[in-house]
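In our numbering, the protein residues as written are 8 to 607.
Rendered as C-alpha cells:
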C-alpha cells in the first residue's frame, strides 16, 4: 500500500514539474516571439514611427535613440510638432535610461506647472484641552484663536484662514506657499488636509507635527499640477511625476492634485492607481481589483496599453495577477508574435512592462541589489531616510536604487485601524506591516446604492458580451448597462402551430387512424416473425410430411416411410410455394393510400 502511495506521489510530482517547465517555456517563447516581431517592425524603420512608438521601442529593445532625439524641439520637449507633457516625460525616461543627458527637458517639464483649481486645503489644529493658539503668517499681525474642548475652533484667523465645518481652517488659494507658524499654551498638533471642493473625502498631507506648550509648528501649502496652456494636464501629470521622481526630483507637491482628481470620470481611463503605487506604495489593492476575470485591465479603448500600464510597477515582482495577465496575453498574441494586430507601441510597451531587458550599449558593472541596494521610488527612499545610489541604473521602470530597505510600520503605529469586511474607510488607506489596507480615518458601513440599471434588472459591466445588449439606463462610470438578449421565439410559435394542426387532424380522422394502425400492425406481424437470431419470411410452406427431428443413433440410416397412394398423373416435382408478394404489395399500397388521404 505504501509503495502504491509513493508511486502516485512521484507521478504527481513529476507531472507538476513537467507542467511548470512547460509553462515557463511557453512564457519564454511568448516574449521571444514578441521581441522578434518588434525588432522586425522597428529596425531600419524608426524614421517612419510616431514619437510614442520610438519611445517605447527605445525602452524595449534600445532602437530609435537618434530618431527620438531628432523628434524633439531643441532637445527640450517632444514632439517638435507640438510639445506635450506626457510625450516629453516618456522621452526623458527612455533617453535617460539609454545614457542621454536630459537636463534641458527636465527643466522644461518643471517649468510647466500651475496651481490646480477645484481643491481645498485645510489647516488642522488639535489639542486634548481648551487651548489658546497664536498663528503667524506673512506680514500680517499674529492672530489668536481658541481650540475648544470639543475640538471645534473659534476666533478670527485673518484673511488667509476661514473656519470650515467648525473643525478646520480653510486656506485661501492666494496664500498658498506662505508659512503658517502655530504656537499654543498647551501641547498640540498641526497638520494639513486636502480635498476636492465637490467631495466630502478628506486626505491627510505629509507628516503630523506636534509640540508641547509654548512650542511652535510650521505648515506650508504646496499644491501643483503639470500644465499645458495654464490648464492642468492629468495624464501628463501622472507621467511627469513618476519620471521626475525617477530622476531624483521631489514630486510630493503634485500628489494631492493626482489623488483628489483620480475619481473624475475623464481621469479613470489613465489608471492613476498604477502611477500612485509606483510613487507612494499605496493604492495597490485598488489597482489589482480593476483586473478583469480574463486577465487584462480595460479602463480605456485599448486593453493592451492599459494592461501594460497596470503591470509597470510590478516589473521586478511575481504576483498572481501578473501571471493571469501573461496567460491572457498568450491567448491573444498574434501569429507574428506582436499584440493588438501588430501595434508597435502596444507590443513594445507590453514587452518593457512585463519582460524588460537591459538596453544595449549601457554598461552596468554591478546591479543595485547585488551591491546591497534596494529598488524603489525616489519618494519612498526619501521617506525612510535612505540615500539615492545614482551610480546604479539597473532598476526597471521609474525606480531608483536606495541604500535602505523599506520597512512598514504596523497599522496602529501609523494611527490607523483595520476595517471589518463590511466596512469602508472614510478617508484614505495606507499599507502596513500587518495589513495591506490600513484605514487612516474612520471605518463606516457604506450605504448600498442600487443603480438605475440594476433597478431595471440589468447588470453594470465594463462591456456587454455577444449574448447581451447595451441599454440606456445609468451605471457608475465607466460601466454600461447590459441585459440578456431576448430570443425572437418564432420557431417556438411555428412548432406550436404545427402541433395544434396535427392534434386537430388526429381528432377529425381518429377512426381512420385507428383502422390504419390496426391494419399496419396486422401487416407487420404477418410480414415478420421471430426466428433463431433472425427474422424469416412467413407463408404457406410445401404440403409434405414433416421431417423427423428425432436424432438417429450412430451407425443407422434414417429412412422416410411413404404410404401407398393411388396412381395419379405424374406431375412435376413439388417445389416450395413462393410468398404471395402481390397480396402483400396490395396491402402496402392500401396503407400508402390511407396516408395520402390523411395528408389531404
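Yeah, the Cβ is synthetic: ideal placement off N, Cα and C, and Gly gets one too.
Where does residue 130 land, buried or exposed, given buried means 16+ other C-beta within 10 angstroms? Buried, since its Cβ has 16 or more Cβ neighbours within 10 Å.
Same chain, Cβ closer than 7 angstroms to residue 180, five either side skipped, listed in chain order: So the list reads 122, once near-sequence residues are dropped.
Could you tell me the distance, in whole angstroms, from the CA atom of residue 429 to the CA atom of residue 450? Answer to the nearest angstrom: the Cα atoms are 9 angstroms apart.
Alpha carbon to alpha carbon, how far is residue 383 from residue 374? Give it in angstroms, no decimals. So the two alpha carbons sit approximately 14 angstroms from each other.
Alpha carbon to alpha carbon, what distance is there between residue 241 and residue 45? When rounded, the distance between both Cα atoms is 30 angstroms.
Residue 225 - partner residues in DSSP beta bridges: In DSSP, residue 225 forms a bridge with 188.
Please name the residue in 458, 454 and 257 whose C-alpha comes closest to that of residue 479. Taking only the C-alpha atoms, the option nearest residue 479 is 458.
Would you call the CB atoms of residue 346 and residue 353 closer than 8 angstroms? Yes, Cβ-Cβ distance for residue 346 and residue 353 is below 8 angstroms.
Segment contact, 8 angstroms Cβ cut-off, at least three pairs: the segment 79-88 with the segment 103-120: Output reads yes: the segment 103-120 touches the segment 79-88.
Neighbourhood of residue 49 by C-beta, 6 angstroms cutoff - its chain only, sequence neighbours within 5 removed: Only 64 and 70 meet the Cβ criterion.
Please name the residue, chosen from 338, 196 and 327, that lies closest to residue 36 on a Cα-to-Cα basis. Minimum Cα distance to residue 36 is reached at 338.
Which value, in whole angstroms, describes the spacing of the CA atoms of residue 317 and residue 304? Taking the CA atoms as reference points, residue 317 sits about 7 angstroms from residue 304.
Excluding the 5 residues flanking residue 578 on each side, which residues of the same chain have their C-beta closer than 8 angstroms to its C-beta? Reliability fails at residue 578, whose pLDDT of 48 lies under 50, so the model's placement of it is uncertain and the value that follows must be treated cautiously. Its chain contains no residue whose beta carbon lies nearer than 8 angstroms to that of residue 578 once the 5 sequence neighbours on both sides are disregarded.
Classify residue 146: buried if its beta carbon has 16 or more other beta carbons within 10 angstroms, exposed otherwise. With fewer than 16 Cβ atoms within 10 Å of its Cβ, residue 146 is classed as exposed.
Same chain, Cβ closer than 6 angstroms to residue 128, neighbours up to 5 away in sequence not counted: Cβ within range, chain order: 178, 201 and 228.
Alpha carbons only, please: which of 471, 499, 139 and 502 is nearest the one belonging to residue 492? Taking each of 471, 499, 139 and 502 in turn and checking the Cα distance to residue 492, the smallest one comes out for 471.
How many Å lie between residue 524 and residue 516 at the Cα? Computed Cα separation, rounded: 12 angstroms.
Look up residue 298 in the DSSP assignment and say whether it is helix, strand or coil. Residue state for residue 298 is assigned as coil, using DSSP reduced to three classes.
Under the assumption that residue 219 contacts residue 233 (Cβ atoms under 8 angstroms), give the Cβ distance between them as a whole number of angstroms. The distance from the Cβ of residue 219 to that of residue 233 is about 40 angstroms, inconsistent with a contact at the 8 angstroms cut-off.
Let me check understanding here. Comparing Cα to Cα, which of 274, 256 and 47 lies closest to residue 264? Closest in alpha carbon position to residue 264, among 274, 256 and 47, is 274.
DSSP bridge partner residues for residue 264 (one or two, in chain order): Paired residue(s): none; residue 264 is not in a bridge.
In terms of residue numbering, what span does the beta strand (DSSP E) encompassing residue 478 cover? In the DSSP assignment, residue 478 falls within the unbroken beta strand (DSSP E) covering 475-478.
Given residue 379 as reference, the closest of 364, 350, 412 and 187 once Cα atoms are compared: Nearest of 364, 350, 412 and 187 to residue 379, Cα basis: 412.
Under the assumption that residue 134 contacts residue 288 (Cβ atoms under 8 angstroms), give the Cβ distance between them as a whole number of angstroms. The C-beta distance from residue 134 to residue 288 rounds to 32 angstroms, too long to fall under 8 angstroms, and the pair is not in contact.
So residue 198 and residue 211 are supposed to be a Cβ contact under 8 angstroms. How far apart are they, rounded? Contact annotation, residue 198 with residue 211: C-beta distance approximately 6 angstroms; criterion of less than 8 angstroms satisfied.
Using alpha carbons as the reference points, say which of 144, 486, 158 and 162 lies closest to residue 151. Nearest neighbour of residue 151 by Cα position, chosen from 144, 486, 158 and 162, turns out to be 162.
Measuring only the C-alpha atoms, how far is residue 293 from residue 231? Near 24 angstroms, if we compare the C-alpha coordinates of residue 231 and residue 293.
Applying the 10 Å Cβ sphere with the 16-neighbour rule, what's the burial state of residue 226? Residue 226 is buried by the Cβ-count criterion.
From 334, 390 and 402, residue whose alpha carbon lies closest to that of residue 364: Looking at the Cα atoms, 402 is the closest of the given residues.
Residue 38 by DSSP, collapsed to three states: which one? DSSP places residue 38 in helix when its eight states are reduced to three.
Using the Cα positions of residue 511 and residue 502, report the straight-line distance between them to the nearest angstrom. Rounded to the nearest angstrom, the gap between the Cα atoms of residue 511 and residue 502 is 14 angstroms.
Same chain, Cβ closer than 7 angstroms to residue 279, neighbours up to 5 away in sequence not counted: Within the same chain, residue 279 has close Cβ partners 245, 265 and 269.
Among 320, 396 and 390, which one has its Cα closest to the Cα of residue 416? Ranked by Cα distance from residue 416, the options 320, 396 and 390 are led by 390.
Alpha carbons only, please: which of 59, 529 and 490 is nearest the one belonging to residue 466? Scanning 59, 529 and 490 for the CA closest to the CA of residue 466 turns up 490.
Short Cβ contact (8 angstroms threshold) for residue 195 with residue 143: When the beta-carbon positions are compared, residue 195 and residue 143 stay at least 8 angstroms from each other.
Select from 476, 475, 488 and 432 the residue whose C-alpha is nearest the C-alpha of residue 463. Taking only the C-alpha atoms, the option nearest residue 463 is 488.
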